[in-house]
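Undergrad: When the letters of the sequence shown are read in order and numbered with my numbering, they come out as residues 1 to 376. Take this structure first; my questions come after.
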Amino acid sequence: MSRKILAALGSVVLALSMAACSGDGAGGGGNDSDKPGDLTIGVSMPTQTSERWIADGNSVKEKLEAKGYKVDLQYAGDDIPTQSQQVDQMITRGADVLIIAAIDGTALSGQLQAAADAKIPVIAYDRLIRDSPNVDFYVSFDNFKVGVAQATALLVGLGLQTKDGGKGEATGPFNIELFAGSLDDNNAHFFFNGAMETLKPFLDAGTLKVKSGQTKIDQVAILRWQQEGAQKRMEDLLTSSYNDGSKVAGVLSPYDGLSRGIITALQNAGYRGDMPVVTGQDAEIASVKLINDGVQSSTIFKDTRLLAEQAVVAGESFLQDKTPQANDTETYNNGVKVVPSYLLPVQTVFKDDIKSVLIDSGYFTAEEVAAGQAKG
Ligand code: BGC
Numbered sequence: 001m002s003r004k005i006l007a008a009l010g011s012v013v014l015a016l017s018m019a020a021c022s023g024d025g026a027g028g029g030g031n032d033s034d035k036p037g038d039l040t041i042g043v044s045m046p047t048q049t050s051e052r053w054i055a056d057g058n059s060v061k062e063k064l065e066a067k068g069y070k071v072d073l074q075y076a077g078d079d080i081p082t083q084s085q086q087v088d089q090m091i092t093r094g095a096d097v098l099i100i101a102a103i104d105g106t107a108l109s110g111q112l113q114a115a116a117d118a119k120i121p122v123i124a125y126d127r128l129i130r131d132s133p134n135v136d137f138y139v140s141f142d143n144f145k146v147g148v149a150q151a152t153a154l155l156v157g158l159g160l161q162t163k164d165g166g167k168g169e170a171t172g173p174f175n176i177e178l179f180a181g182s183l184d185d186n187n188a189h190f191f192f193n194g195a196m197e198t199l200k201p202f203l204d205a206g207t208l209k210v211k212s213g214q215t216k217i218d219q220v221a222i223l224r225w226q227q228e229g230a231q232k233r234m235e236d237l238l239t240s241s242y243n244d245g246s247k248v249a250g251v252l253s254p255y256d257g258l259s260r261g262i263i264t265a266l267q268n269a270g271y272r273g274d275m276p277v278v279t280g281q282d283a284e285i286a287s288v289k290l291i292n293d294g295v296q297s298s299t300i301f302k303d304t305r306l307l308a309e310q311a312v313v314a315g316e317s318f319l320q321d322k323t324p325q326a327n328d329t330e331t332y333n334n335g336v337k338v339v340p341s342y343l344l345p346v347q348t349v350f351k352d353d354i355k356s357v358l359i360d361s362g363y364f365t366a367e368e369v370a371a372g373q374a375k376g
């Protein structure tokens, strides 16, 4: 691959050779092996059990292919050795850039070293890859703000706060329970920290009470973000802490899949019209229907189309030997270095927002929302 050879030759030769090219467009033209059709982008996604990752994978692939690049898209079935192996294969098959959404943010150091040795730039997609100097760029959403938005949605749902940030009419006290995502996902910590900072004044004042007493992330985390894990933990909480006739009023849930597990546990225990305020994330279609039906209270919408676009922009920059443009160079320290990042904003969706945020933007149709199923 001429790109890699150029990279190895150093910046002076590179600058000269770039100057000799026409300069615009992928690969700069002029050299056959710089044509998009000769360049392959390896895209490693964690799982197909959550529809957001399917949407992410499809969007990245479509956008890259529309520009003429070859795409090697793999899903790892939430299995760490499978993901390591898939990334290894992408490297040996000659990927020119890697875009990786890691299952375990600390498990890919070996692969990233191999990528660095082969001069393959690595973009961490939505989930930061930790403990490696070989992460070149990070595209994600503002994950701390996701947590703030989730906790704020819980406060609004309970009536303690208004949507515009004012004081709500409710006074509490309310029993709540907390959930977090998978501890090996860097994002889980950002979500939880953002949420806890927002809830702290209410917990300190006694307006909110975590009846189980489980307030530490390692007590409330759900391995691999699994719906069944959340359902089981909610069942255990109901048995251990709510067998005295007391009720749960709110549940902080960081992901729609977990929210559905939590809701199932609550429904099995007899909650109906008194369903607690349950938050979420990702605007998964099954949960958007639950929100539309008044069962789940809210979700956080992360437009995967925009994230995919940013990954493509960053990938193309690397292919043109440019530095992708970051909008955050402070927040994401992966344990070895601060990784330059491009962070996108998020939107909270309550029932009233489904039309304006999800339907009018073309993310879902009204029919899909009513059916709780995306046509794909
Ligand atoms: C993503 C979330 C997603 C979660 C579970 C996180 O890394 O940022 O959007 O809900 O993984 O898939």
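A virtual CB, placed ideally from N, CA and C, is assigned to each residue, including glycine. Since we're looking at a predicted model, the values are computed, not measured.
Go through its chain and collect everything with a Cβ distance to residue 184's Cβ below 7 Å, but skip five positions before and after it.
TA: 104, 105, 106
Undergrad: Check each candidate in 130, 282, 168 and name the one with the smallest Cα separation from residue 257.
TA: 282
Undergrad: Just mark residue 160 as buried or exposed, buried being the case when its beta carbon has 16 or more other beta carbons within 10 Å.
TA: buried
Undergrad: Given that a residue counts as buried once 16 or more other Cβ atoms are within 10 Å of its Cβ, and exposed if not, what is residue 76?
TA: buried
Undergrad: Assign residue 149 to buried or exposed, taking buried as 16 or more other Cβ atoms, counted over all protein chains shown, within 10 Å of its Cβ.
TA: buried
Undergrad: Between which two residues does the alpha helix (DSSP H) containing residue 204 stretch?
TA: 186-204
Undergrad: I'd like the ranges of any alpha helix (DSSP H) spanning at least 4 consecutive residues and lying wholly in the region 52-109.
TA: 80-92
Undergrad: Express the C-alpha separation of residue 36 and residue 120 in angstroms, rounding to a whole number.
TA: Roughly 16 Å separates the two Cα atoms.
Undergrad: Exposed or buried, residue 226, counting other C-beta atoms within 10 Å across all chains shown (16 or more means buried)?
TA: buried
Undergrad: DSSP on residue 385, reduced to helix/strand/coil?
TA: Missing from the structure shown is residue 385; the chain here goes from 1 to 376 and no further.
Undergrad: For residue 12, which three-state DSSP category applies?
TA: Low local confidence applies: a pLDDT of 37 at residue 12 is under 50, so the model's placement there is unreliable, with the coordinate-based value given in what follows. Residue state, collapsed to three classes: helix.
Undergrad: Between residue 252 and residue 38, what straight-line distance do the alpha-carbon atoms span, to the nearest angstrom?
TA: Each residue's CA atom was taken as its position, placing residue 252 and residue 38 some 47 Å apart.
Undergrad: Return the first residue and the last residue of the alpha helix (DSSP H) that residue 147 is part of.
TA: 143-158
Undergrad: Using only the alpha-carbon positions, how far apart do residue 355 and residue 340 sit?
TA: 34 Å
Undergrad: Closer than 6 Å by C-beta to residue 360: which residues in its own chain qualify, once you throw out the five before and the five after it? Chain order, please.
TA: none
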